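**Student:** Here the first sequence stands for residues 242 to 846, numbered as in this note's numbering.
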Amino acid sequence: MDLSKPLDHDGQLSIFTTKSPEGLDLVRHDAAHIVASVVQRLYPGTQVTIGPTTDDGFYYDFARDKPFTPEDLEAIERAANEEIRKDLPFSRSEVTREEALALFGELGEKFKLEIIEDIFAKGARSLSLYRHGDWVDFCLGPHGPSTGRVGVIKLLSVAGAYWRGDHRNAQLQRIYGTAFFTQKELDAWVTQQEEARKRDHRKLGKELDLFAFHPAAPGAVFWTANGTMLFTTLQAAMRRMCLANGYIEIKTPLLYNKMLWEKSGHWGKYRENMFLILDPEADPTLPEEERASISLKPMNCPSHHLFYEMKRRSYRELPLRLHTQDVLHRNEATGVLSGLTRVRQFQQDDAHIYLMESQIADEVARLTKLIAKVYDAFGLSFVAKFATRPEQKIGDDALWDKAEAALRDALEQTGLAYELKPGDGAFYGPKIDFDVADSIGRKWQLGTIQLDYNAPERFDLGYIGSDNASHRPVVIHRAIYGSFERFIGILIEHYAGNFPVWLAPEQARLLPVSERHHAWAEEVAGKMREAGLRVEIDRSHGKLGAMIRDAQLAKIPYALVLGDKEVEARGVSPRKHGTGKEADLGLMPLEAFLTQITAEAEIPY
RNA sequence: GCUGGCGUAGCUCAACCGGUAGAGCACCUGACUUGUAAUCAGGAGGUCGCGGGUUCGAGUCCCACCGCCAGCUCCA
Numbered sequence: 242m243d244l245s246k247p248l249d250h251d252g253q254l255s256i257f258t259t260k261s262p263e264g265l266d267l268v269r270h271d272a273a274h275i276v277a278s279v280v281q282r283l284y285p286g287t288q289v290t291i292g293p294t295t296d297d298g299f300y301y302d303f304a305r306d307k308p309f310t311p312e313d314l315e316a317i318e319r320a321a322n323e324e325i326r327k328d329l330p331f332s333r334s335e336v337t338r339e340e341a342l343a344l345f346g347e348l349g350e351k352f353k354l355e356i357i358e359d360i361f362a363k364g365a366r367s368l369s370l371y372r373h374g375d376w377v378d379f380c381l382g383p384h385g386p387s388t389g390r391v392g393v394i395k396l397l398s399v400a401g402a403y404w405r406g407d408h409r410n411a412q413l414q415r416i417y418g419t420a421f422f423t424q425k426e427l428d429a430w431v432t433q434q435e436e437a438r439k440r441d442h443r444k445l446g447k448e449l450d451l452f453a454f455h456p457a458a459p460g461a462v463f464w465t466a467n468g469t470m471l472f473t474t475l476q477a478a479m480r481r482m483c484l485a486n487g488y489i490e491i492k493t494p495l496l497y498n499k500m501l502w503e504k505s506g507h508w509g510k511y512r513e514n515m516f517l518i519l520d521p522e523a524d525p526t527l528p529e530e531e532r533a534s535i536s537l538k539p540m541n542c543p544s545h546h547l548f549y550e551m552k553r554r555s556y557r558e559l560p561l562r563l564h565t566q567d568v569l570h571r572n573e574a575t576g577v578l579s580g581l582t583r584v585r586q587f588q589q590d591d592a593h594i595y596l597m598e599s600q601i602a603d604e605v606a607r608l609t610k611l612i613a614k615v616y617d618a619f620g621l622s623f624v625a626k627f628a629t630r631p632e633q634k635i636g637d638d639a640l641w642d643k644a645e646a647a648l649r650d651a652l653e654q655t656g657l658a659y660e661l662k663p664g665d666g667a668f669y670g671p672k673i674d675f676d677v678a679d680s681i682g683r684k685w686q687l688g689t690i691q692l693d694y695n696a697p698e699r700f701d702l703g704y705i706g707s708d709n710a711s712h713r714p715v716v717i718h719r720a721i722y723g724s725f726e727r728f729i730g731i732l733i734e735h736y737a738g739n740f741p742v743w744l745a746p747e748q749a750r751l752l753p754v755s756e757r758h759h760a761w762a763e764e765v766a767g768k769m770r771e772a773g774l775r776v777e778i779d780r781s782h783g784k785l786g787a788m789i790r791d792a793q794l795a796k797i798p799y800a801l802v803l804g805d806k807e808v809e810a811r812g813v814s815p816r817k818h819g820t821g822k823e824a825d826l827g828l829m830p831l832e833a834f835l836t837q838i839t840a841e842a843e844i845p846y
């Protein structure tokens with residue numbers, strides 16, 4: 242509520258000021274109204290829809306045939322900021338359903354009429370209107386007292402959006418913007434955005450020579466030697482952890498006859514995301530999906546189920562934990578591909594755990610511990626989210642009731658705090674998603690624990706129990722990194738390219754001061770490589786300063802200066818990555834440095 | 001897939017109203033033999049994303065395609 246609304250009941254009253262986050266959210270809401278009002282003035286005939294605030298600002302969706310150009314955006318921004326200078330008061334009033342329909346009907350606002358009907362259909366008694374100048378919108382509020390309180394509005398971009406988020410509906414034009422109380426706060430935000438762009442994994446991937454893309458293979462990564470080192474180091478770390486925790490690693494085929502996908506349910510629910518291989522013998526007039534006889538796997542689960550059922554299983558084998566890092570292909574829509582975070586070919590640190598129902602709680606507890614251990618090692622904090630059955634699903638409701646109850650109980654027993662995501666489960670079962678926050682506070686969905694009662698039915702999986710009778714196991718799908726590709730993308734941004742020693746593709750660079758120091762550099766490199774470390778010698782004839790600079794820009798954890806003093810002492814002078822005097826660690830014996838860096842090169846989980 | 005924007009040397013970016021492509025870094029060669037964030041000089045490098053069209057003439061204007069970016073829908 243705002244200052245113009247009468248207090249009509251008792252309750253908690255807290256006051257929002259320019260200092261509180263709610264205050265900022267409020268002016269952004271004001272800003273959305275202001276932008277909508279000037280858009281309708283500058284571009285008559287444009288219809289308004291909705292204009293909510295976001296974490297970073299606000300947007301407003303408009304229906305207009307002609308798209309807004311970047312020049313339009315500038316004009317709108319200028320006009321919006323003039324409205325602020327006019328300091329027009331916001332005034333609030335309430336109307337009935339009929340009054341609201343009459344008002345917006347007269348204005349010709351089709352989308353608003355639809356929203357009004359919805360609001361009253363949900364049981365509202367009246368609608369609150371907010372006016373500033375001669376423009377009116379209905380809105381829950383609250384709003385500030387006048388447009389002058391907004392400070393400054395900056396428009397960011399135009400994008401297409403669908404009415405009510407459904408791609409079958411009308412395409413609208415969404416104008417993104419943000420607002421702040423002062424220009425100074427806006428400038429600070431802009432600077433912060435620029436800083437975030439500097440650590441964009443696509444930019445750093447190029448600068449640090451980690452990976453590349455080619456138009457001939459959109460959505461598929463070329464990993465350079467450096468990037469491959471990141472990839473294989475993470476693979477090895479996950480392998481080691483899995484082996485230490487009762488998993489076995491297997492490899493399965495990449496291509497399957499479609500009979501597998503029909504059995505798993507993917508053919509019905511997931512086919513449009515699968516790369517199909519057409520049968521050359523098939524009738525060319527048939528639609529593609531009928532000519533396809535085989536497909537690249539988009540997930541590992543069906544392969545694992547086949548693997549499980551190839552042998553008769555005993556209850557003594559359970560939980561049977563299968564780990565696989567195979568290559569997967571998903572035919573993602575062109576518009577969604579983005580750097581490493583959304584690709585068509587990727588590898589997951591995937592596992593499927595076959596177990597008895599009585600083992601679910603214990604296994605979920607073990608898994609959450611493993612997940613926490615891994616994220617901790619990277620300094621990533623996380624939140625657990627419990628996701629229930631989606632609209633597109635397989636299996637009957639009784640099975641879903643059972644699966645959701647079992648997974649939820651298991652989650653509660655871990656004592657972990659969690660949030661709910663209704664309808665966000667996988668099509669075969671409910672799941673716990675782990676959303677991590679990186680060093681600049683961005684959220685990513687990474688790990689997942691999914692409980693599946695459907696697959697064992699479809700694949701007719703069984704095990705022989707202690708009673709010598711056949712029983713149905715349950716399956717848990719789990720991943721911790723999620724996919725190597727996305728995880729590496731996130732790590733690049735999280736570390737801003739400054740990888741810890743154990744991950745860094747080049748862990749140390751040796752800088753001989755002049756050619757007569759190369760022999761000692763070779764010897765140091767040999768010793769370090771024997772210790773399993775990744776080192777290179779800078780053989781350029783540049784000055785030391787230039788070599789230091791190159792090593793710094795390449796974000797190599799240690800640069801070792803090797804000159805007369807070091808040769809004499811059979812030592813090295815390490816300079817830790819980073820600026821300032823503390824970066825130079827001074828002359829130390831090679832053995833001492835080896836002990837230090839070897840410890841830092843250990844896998845931390 | 002949809003809406004909008006963009007695509008010039010390995011990278012970052014110039015090139016007016018349409019007049020025939022330029023810089024820095026990187027690379028190669030030579031000189032310099034260097035002590036904690038850039039040594040100097042020279043050289044080489046481009047079918048302006050691809051294919052059509054308009055024009056005396058297209059990097060520049062138009063069309064189609066490919067790719068990338070910001071979103072939407074979807075998602076590891």
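Note that the Cβ used here is the ideal one computed from N, Cα and C, for glycine as well.
Quick caveat, the model's predicted, so the values are computed rather than measured.
What residue does the beta strand (DSSP E) around K643 start on, and which one ends it?
**Tutor:** Segment D638 to T655 is the alpha helix (DSSP H) holding K643; no beta strand (DSSP E) there.
**Student:** How many angstroms separate the CA atom of K439 from the CA atom of T465?
**Tutor:** Going from the Cα of K439 to the Cα of T465 covers about 21 Å.
**Student:** Which residues bound the alpha helix (DSSP H) around P697?
**Tutor:** That run of the alpha helix (DSSP H) goes N695 to R699.
**Student:** Who are N498's beta bridge partners in DSSP?
**Tutor:** According to DSSP, which records beta bridges pairwise, N498 is partnered with I535.
**Student:** Once the 5 residues before and after E324 are set aside, which same chain residues still bring their CB inside 8 Å of it?
**Tutor:** Cβ within range, chain order: I275, S278, V279, H373, G374 and T388.
**Student:** Could you say if the stretch 552 to 563 and the stretch 693 to 713 meet the contact criterion of at least three C-beta pairs nearer than 8 Å?
**Tutor:** As far as the Cβ criterion goes, the stretch 552 to 563 touches the stretch 693 to 713, which means the pair count is three or higher.
**Student:** Spatial neighbours of P631 within its chain, please: CB distance less than 6 Å, with the 5 preceding and 5 following residues excluded, ordered by chain position.
**Tutor:** Closer than 6 Å at Cβ, skipping near neighbours: G664 and G666.
**Student:** To the nearest angstrom, how far is the alpha carbon of W685 from that of H782?
**Tutor:** Cα to Cα, the separation comes out at about 44 Å.
**Student:** Determine the direct distance from the alpha carbon of A639 to that of D603, and round the result to whole angstroms.
**Tutor:** Straight-line Cα distance between these residues: approximately 23 Å.
**Student:** Classify E843 as helix, strand or coil using the three-state DSSP reduction.
**Tutor:** Coil at E843, not helix or strand.
**Student:** Within the continuous beta strand (DSSP E) that includes S334, where are the two ends?
**Tutor:** Counting along the chain, the beta strand (DSSP E) containing S334 begins and ends at S332 to V336.
**Student:** So what does DSSP say about P753, is it helix, strand or coil?
**Tutor:** Note: P753 maps to strand in three-state DSSP.
**Student:** Taking DSSP as the reference, what is the three-state secondary structure of H384?
**Tutor:** H384: coil per DSSP, three-state reduction.
**Student:** My understanding is that R319 touches T419, with C-beta atoms under 8 Å, so please give their C-beta distance in whole angstroms.
**Tutor:** About 16 Å; that fails the 8 Å criterion.
**Student:** Which residue spans inside the stretch 551 to 623 form an unbroken beta strand (DSSP E) run of at least 3?
**Tutor:** Listed in chain order, the complete beta strand (DSSP E) runs (minimum 3 residues) inside the stretch 551 to 623 are 561 to 565, 568 to 570 and 586 to 596.
**Student:** Taking only the alpha-carbon atoms, compute the straight-line gap between D679 and F623 and give it to the nearest angstrom.
**Tutor:** Distance between the alpha carbons of D679 and F623: 9 Å.
**Student:** Look at the alpha carbon of A240 and the alpha carbon of Q748, and state the distance between them as a whole number of angstroms.
**Tutor:** Beyond the ends of the chain as shown, which are 242 and 846, falls residue 240; an answer cannot be given.
**Student:** To which residues of the same chain is C380 closer than 6 Å at the C-beta, ignoring the five residues directly before and after it?
**Tutor:** Here the set comprises Y371.
**Student:** Select from R750, L484, L648 and D441 the residue whose C-alpha is nearest the C-alpha of Y736.
**Tutor:** Nearest option by C-alpha distance: D441.
**Student:** To test your reading of the DSSP string, which unbroken beta strand (DSSP E) runs of 3 or more residues are found completely within the stretch 468 to 518?
**Tutor:** The stretch 468 to 518 contains these whole beta strand (DSSP E) runs: 488 to 490 and 496 to 498.
**Student:** Can you have a look at H455 and say buried or exposed, based on whether 16 or more other CB atoms are within 10 angstroms of its CB?
**Tutor:** H455 is exposed by the Cβ-count criterion.
**Student:** Could you check what DSSP says for K395 in three-state terms: helix, strand or coil?
**Tutor:** Correct three-state label for K395: strand.
**Student:** Under a three-way DSSP split, which group does E426 fall into?
**Tutor:** E426: helix per DSSP, three-state reduction.
**Student:** Taking contact to mean 3 or more Cβ pairs, one atom from each stretch, closer than 8 Å, check whether the stretch 719 to 729 and the stretch 807 to 819 are in contact.
**Tutor:** Judged by Cβ distances under 8 Å, the stretch 719 to 729 makes no contact with the stretch 807 to 819, as fewer than three pairs qualify.
**Student:** Give the C-beta separation of Y300 and I416 to the nearest angstrom, bearing in mind that I take them to be a contact with Cβ-Cβ under 8 Å.
**Tutor:** Indeed, because the Cβ distance is near 6 Å, the residues count as touching under 8 Å.
**Student:** Just curious, the alpha helix (DSSP H) that P311 is in, first and last residue?
**Tutor:** Counting along the chain, the alpha helix (DSSP H) containing P311 begins and ends at P311 to K327.
**Student:** Under a three-way DSSP split, which group does D805 fall into?
**Tutor:** If DSSP states are grouped into helix, strand and coil, D805 belongs with the helices.
**Student:** Which residues mark the beginning and the end of the beta strand (DSSP E) in which G723 is found?
**Tutor:** Note, G723: beta strand (DSSP E), V715 to S724.
**Student:** What residue range is occupied by the uninterrupted beta strand (DSSP E) comprising D791?
**Tutor:** First-last for D791: L785 to L794, but that is the alpha helix (DSSP H), not the beta strand (DSSP E).
**Student:** Return the first residue and the last residue of the beta strand (DSSP E) that A304 is part of.
**Tutor:** F299 to A304 is the span of the beta strand (DSSP E), which, as asked, contains A304.
**Student:** In chain order, what are the residue ranges of uninterrupted alpha helix (DSSP H) at least 4 long that sit wholly in the stretch 430 to 474?
**Tutor:** If we require 4 residues or more, the alpha helix (DSSP H) runs fully inside the stretch 430 to 474 come out as 442 to 448.
**Student:** Please report how far the alpha carbon of F331 lies from the alpha carbon of S367, in whole angstroms.
**Tutor:** Roughly 19 Å between the two C-alpha positions.
**Student:** Which value, in whole angstroms, describes the spacing of the CA atoms of G812 and A800?
**Tutor:** Using only the alpha carbons, I get a separation of about 13 Å.
**Student:** Sorted by chain position, which residues of the same chain lie with C-beta nearer than 6 Å to V377's C-beta, five sequence neighbours on each side aside?
**Tutor:** Only L370 meet the Cβ criterion.
**Student:** Helix, strand or coil for V289? Go by DSSP, reduced to three states.
**Tutor:** Reduced to three states, the DSSP call for V289 is strand.
**Student:** DSSP beta-bridge partners for T866?
**Tutor:** No statement about residue 866 is possible, as the shown extent of the chain runs from 242 to 846 and does not include it.
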